[in-house]
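Trainee: Residue 130 in numbering that gives the first Met the number 0 sits at position 131 of the sequence shown, with consecutive numbering throughout. Positions of the beta carbon are idealized from the N, C-alpha and C atoms, including for glycine. Keep in mind it's a predicted model, so treat the numbers as computed, not measured.
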Amino acid sequence: MKAAGIDTGKTWLDVATYPVSDKQKVPNNADGWQTLADWLERQGIGRVGIEASGGYERDVIAYLHQRGFEVVLLQPRQVRAFGLYKLRRAKNDQLDAALIAECAARSDAADRVWRMAAVHRADRSRYSLPQDPPRAFHRQADPRGDRSFHR
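1) In three-state DSSP terms, what is L86?
2) For a test of the three-state rule: what should DSSP assign to R76, helix, strand or coil?
3) Taking the alpha-carbon of S52 as reference, which of A103, R76, F81 has the nearest alpha-carbon?
4) Taking all protein chains shown into account, decide if Y84 is buried (16 or more other Cβ within 10 angstroms of its Cβ) or exposed.
5) Suppose contacts are defined by Cβ-Cβ distances below 7 Å. Is E50 in contact with V78 by that definition?
6) In whole angstroms, what is the alpha-carbon distance linking A29 and K1?
7) Whole alpha helix (DSSP H) runs in the region 0 to 72 with 4 or more residues, listed along the chain?
8) Are at least three pairs of beta-carbons, each pair with one atom in the region 85 to 102 and one in the region 6 to 21, less than 8 Å apart?
9) Return yes when the Cβ of Y62 is within less than 7 Å of the Cβ of K9, no when it is not.
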């Protein structure tokens, strides 16, 4: 199966394909995502693996999903374990992208399910909590739902 792997950074996306390792580097913005999607289509890529990286990956995931790509969201621990299994230690962003591409190509069907709604729910819950963490904790922990004593 042909797949691509994306190593996500704040400003750049390093991309590699598998099994033939073609490489690309694009800016992590709307113009870069369009360039990336067009390039992936020309390469015949249907599945794209991307490592979770603290939120920098969310917008490109949504864009690629909208363009019809099968997106595999991988946790850093999964990629690291796969690299250890393959006896490879990535030393730079391009090598990371190649490892992510192979990991995505070989992932199980259950790993490929990516749900936009779940990502949005996680975002909303994180940003909907008040800025006072102790109060947020008590509001979540109060089984009666009575918040009057927290004021």
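Mentor: Taking the coordinates as given:
1) coil
2) helix
3) R76
4) So Y84 counts as exposed.
5) yes
6) Their backbone Cα atoms lie some 24 Å apart in a straight line.
7) Segments of the alpha helix (DSSP H) lying fully in the region 0 to 72: 29 to 42, 57 to 65.
8) yes
9) no
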